[in-house]
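**Q** Before anything else, here's the structure in question.
Chains as they are written, first to last, in full-length UniProt numbering: chain H, 1 to 365; chain V, 1 to 262.
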């Protein structure tokens, strides 16, 4: 089968699994909502932006786009009869969290695939250059000191993540060259340092320690549709850029020197990939907290299934990451006590990874 | 022979504190096959890395087809010189065809698929067609060397730089590989290769450059360069060699002597 066909079929198949996982996930919760009702409620919530100038009489809800200053009318193509309470539970309470889980999983898995390829290192993960640690320091500072900041906790976490990644990049760069080995070690050192900062802040946390711990373990509980929009835009833009560089990532697997001799501008390519993957990771962890393991394990699983070609691997592992995080988050919130999703991803992911490690050759890219 | 395709002009390179190349100049005429010989650590690989643009010389310049390599983009350099590197360790499961297709990188835009025709031709020339669908990880060292040569051919460049292309090959494949390079040169390519085996260099190349301790100590046809004094100067005071004409190939052949030999 040709590469395009393989990409298409795998992506389609995985998308169907994702849709199924999402529907199943919506049915799980304290109030019982059957799958058929879930599908109807989701379809009811589908809104297609129809017109900028609208007649409020004919097309119902109007969204106001503040920074452009226009009103957008939506058409709701479906109107199944679903009890109002269940419609709200599905569309306003469960779905935002699930969609956010899907986007965060998609993003972390994409970034993890890129980092593993770029570093030619199977242990590389999305925050290998310190993005998560930076976000953690930002978020924990806001929570512990209770300061009110213009862009909220997420804005601070996002900025701190990007500042950290950029600092690690600067530390590892001399004469315009950034050897990945130096980058990796600089990342480890900076993460250790920031870990110490977070630990110290935890000691000062007092009453907020519980909230802080939840954030550090990765938690999607507070998700609303506002979180979804921003993350979705950043995530999709990053993905679009990274997929354009898929073949460059393949060539980089030959080693940087050989990549250069077949015409890749190695340093420039590394800069772009690092910046975009870090931006995507920062967008994900700033809304979801530190969710480990997705970006490490999902790319390996998909490499076993579809092979090392990033043109196939990137889209498929992105969708698989979404499936993985929606599934694990459902387990996290479906039990007797609500757990942070980071605990579940690690608790389920690690044994599964060990199983793969024993059975197949995961130690190679 | 016409104008030099590869022209190395007074190149000096230091890596860290160590001076690797001192004021090296050499030229490879268009349509010729030049061997770079010399002891381990003489700077052969470093010189080849300066030619293919991986390294920028501290002093001096390298030009290919009259264009200064340092001023070109890596894409432009890769359109004029292809490299078969010495370090061929690979740990990923791309198919042989995928690896060869990577040689097309400098010729295509980001959204195009690779042109299959040059890839097929490169696979045929290097007799790797039957390996095309195998994973690069599962082929032998010698086969891998041919795959990397195929990748360099797919790059479709006037100049070819090879670093020890026969190092991991058995004697049959050594001769076949150099024979192929020779044929490609006859067809118009220009090749510069680091070669350990002096006999093979003498047999297949138009000219030999002897590099020792970062400097060119001899440059010319095999017969003029491969003399006992040059070899002994290049490979150190303890070296004694006997040079005779190989009755089959009519090229100089070198026998290393031990201290006890007559």
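Ideal Cβ placement from N, Cα and C applies to all residues, glycine included. Computed from a prediction, not measured in an experiment: that's the story for all the values here.
Please name the residues in the stretch 299-317 of chain H whose beta-carbon is closer than 8 Å to at least one beta-carbon of chain V, in chain order.
**A** Per Cβ criterion, the list reads 307, 308, 309.
**Q** Give me, in chain order, the residues of the same chain whose beta-carbon lies closer than 7 Å to that of residue 212 of chain H; leave out the 5 immediate sequence neighbours on both sides.
**A** The residues are 140, 143, 144, 202, 205.
**Q** How about residue 7 of chain H: is its C-beta nearer than 8 Å to some C-beta of chain V?
**A** Cβ-Cβ to chain V under 8 Å: no for residue 7 of chain H.
**Q** Verify the CB distance criterion: does residue 116 of chain V have a CB-CB separation below 8 Å to chain H?
**A** Not closer than 8 Å to any Cβ of chain H, the Cβ of residue 116 of chain V fails to qualify, so no.
**Q** Does residue 335 of chain H come out as helix, strand or coil in the three-state DSSP assignment?
**A** If DSSP states are grouped into helix, strand and coil, residue 335 of chain H belongs with coil.
**Q** For residue 123 of chain H, does the three-state DSSP call read helix, strand or coil?
**A** Coil.
**Q** In the DSSP assignment, the alpha helix (DSSP H) including residue 191 of chain H goes from what residue to what residue?
**A** Counting along the chain, the alpha helix (DSSP H) containing residue 191 of chain H begins and ends at 180-203.
**Q** Specify the secondary structure class of residue 36 of chain V as computed by DSSP and reduced to three states.
**A** Reduced to three states, the DSSP call for residue 36 of chain V is strand.
**Q** Measuring only between beta-carbons, confirm whether residue 112 of chain H sits less than 8 Å from chain V.
**A** No, residue 112 of chain H does not count as interfacial toward chain V.
**Q** Which residues, in chain order, does the stretch 343-358 of chain H contribute to contact with chain V at a C-beta distance below 9 Å?
**A** Those would be none; no residue qualifies.
**Q** Using alpha carbons as the reference points, say which of H:42, H:89, H:102 lies closest to residue 322 of chain H.
**A** Closest by alpha carbon: H:102.
**Q** Since residue 68 of chain V contacts residue 158 of chain V with CB under 8 Å, what's their CB separation in whole angstroms?
**A** At roughly 16 Å, the Cβ-Cβ gap does not stay under 8 Å, so residue 68 of chain V and residue 158 of chain V are not in contact.
**Q** With DSSP as the reference, label residue 291 of chain H as helix, strand or coil.
**A** The answer is coil: DSSP assigns residue 291 of chain H none of H, G, I, E or B.
**Q** Quick check on the DSSP output: the beta strand (DSSP E) that includes residue 244 of chain V runs from which residue to which?
**A** 240-245 is the span of the beta strand (DSSP E), which, as asked, contains residue 244 of chain V.
**Q** In the DSSP assignment, find the unbroken beta strand (DSSP E) run with residue 128 of chain H in it and report its ends.
**A** No beta strand (DSSP E) holds residue 128 of chain H; DSSP gives it neither H nor E.
**Q** Within this structure, are the beta carbons of residue 209 of chain V and residue 34 of chain V separated by less than 8 Å?
**A** Yes, they are a contact pair.
**Q** Taking only the alpha-carbon atoms, compute the straight-line gap between residue 274 of chain H and residue 115 of chain H and give it to the nearest angstrom.
**A** Roughly 8 Å between the two C-alpha positions.
**Q** Do residue 242 of chain H and residue 314 of chain H have their beta-carbon atoms positioned less than 8 Å apart in this structure?
**A** Contact flag set, yes.
**Q** Any beta carbon from chain V within less than 8 Å of residue 121 of chain H's own beta carbon?
**A** No, residue 121 of chain H does not count as interfacial toward chain V.
**Q** For a test of the three-state rule: what should DSSP assign to residue 60 of chain H, helix, strand or coil?
**A** Here the model assigns residue 60 of chain H a pLDDT of 47, short of 50, so the residue's position is not dependable, and the following value carries that caveat. Coil at residue 60 of chain H, not helix or strand.
**Q** Whole angstroms is fine: what's the gap from residue 218 of chain V's alpha carbon to residue 317 of chain H's?
**A** Rounded to whole angstroms, residue 218 of chain V to residue 317 of chain H spans 56 Å at the Cα level.
**Q** Considering only the beta carbon of each residue, do residue 133 of chain V and residue 104 of chain V sit closer than 8 Å?
**A** Contact flag unset, no.
**Q** What are the uninterrupted segments assigned as beta strand (DSSP E) that are 3 or more residues long and contained completely in the stretch 51-134 of chain V, given in chain order?
**A** If we require 3 residues or more, the beta strand (DSSP E) runs fully inside the stretch 51-134 of chain V come out as 59-64, 81-84.
**Q** Distance cutoff 8 Å, beta carbons only. Does residue 44 of chain H sit that close to anything in chain V?
**A** Not closer than 8 Å to any Cβ of chain V, the Cβ of residue 44 of chain H fails to qualify, so no.
**Q** May I ask you to report which of helix, strand or coil DSSP gives residue 173 of chain H?
**A** Residue 173 of chain H: coil per DSSP, three-state reduction.
**Q** Taking the CB atoms as reference points, tell me whether residue 312 of chain H and residue 3 of chain H lie closer together than 8 Å.
**A** Yes.
**Q** Just tell me which of V:108, V:101, V:197 has its CA closest to the CA of residue 309 of chain H.
**A** Checked all of V:108, V:101, V:197; the closest Cα to residue 309 of chain H is V:101.
**Q** Which chain V residues sit within Cβ distance under 9 Å of residue 175 of chain H?
**A** Per Cβ cutoff of 9 Å: no residues; residue 175 of chain H is ~10 Å from chain V at best.
**Q** So with Cβ pairs under 8 Å, would you call residue 125 of chain H a contact of chain V?
**A** So no, residue 125 of chain H is outside the interface.
**Q** When we look at the beta-carbon of residue 256 of chain V and count the other beta-carbons within 10 Å, is it buried (16 or more) or exposed?
**A** Residue 256 of chain V comes out exposed.
**Q** For residue 128 of chain H, count the other beta carbons within 10 Å of its own beta carbon; 16 or more makes it buried, fewer makes it exposed. Which is it?
**A** It is buried - the Cβ of residue 128 of chain H has at least 16 other Cβ atoms within 10 Å.
**Q** Going by other Cβ atoms of all chains shown within 10 Å of its Cβ, with 16 needed for buried, is residue 169 of chain H buried or exposed?
**A** By the 10 Å Cβ count, residue 169 of chain H comes out buried.
**Q** Can you list, in chain order, the residues of the stretch 257-271 of chain H whose Cβ is nearer than 8 Å to any Cβ on chain V?
**A** Listed by position, the residues of the stretch 257-271 of chain H near chain V (Cβ gap below 8 Å) are 257, 258, 260, 261, 262, 263, 264, 265, 266.
**Q** State the start and end residues of the unbroken beta strand (DSSP E) segment that holds residue 172 of chain V.
**A** Note, residue 172 of chain V: premise wrong, no beta strand (DSSP E); alpha helix (DSSP H) at 171-186.
**Q** With 16 as the cutoff for other CB atoms within 10 Å, does residue 302 of chain H come out buried or exposed?
**A** Residue 302 of chain H comes out buried.
**Q** Is the beta carbon of residue 157 of chain H sitting closer than 8 Å to the one on residue 285 of chain H?
**A** Yes, these two residues count as a Cβ contact at 8 Å.
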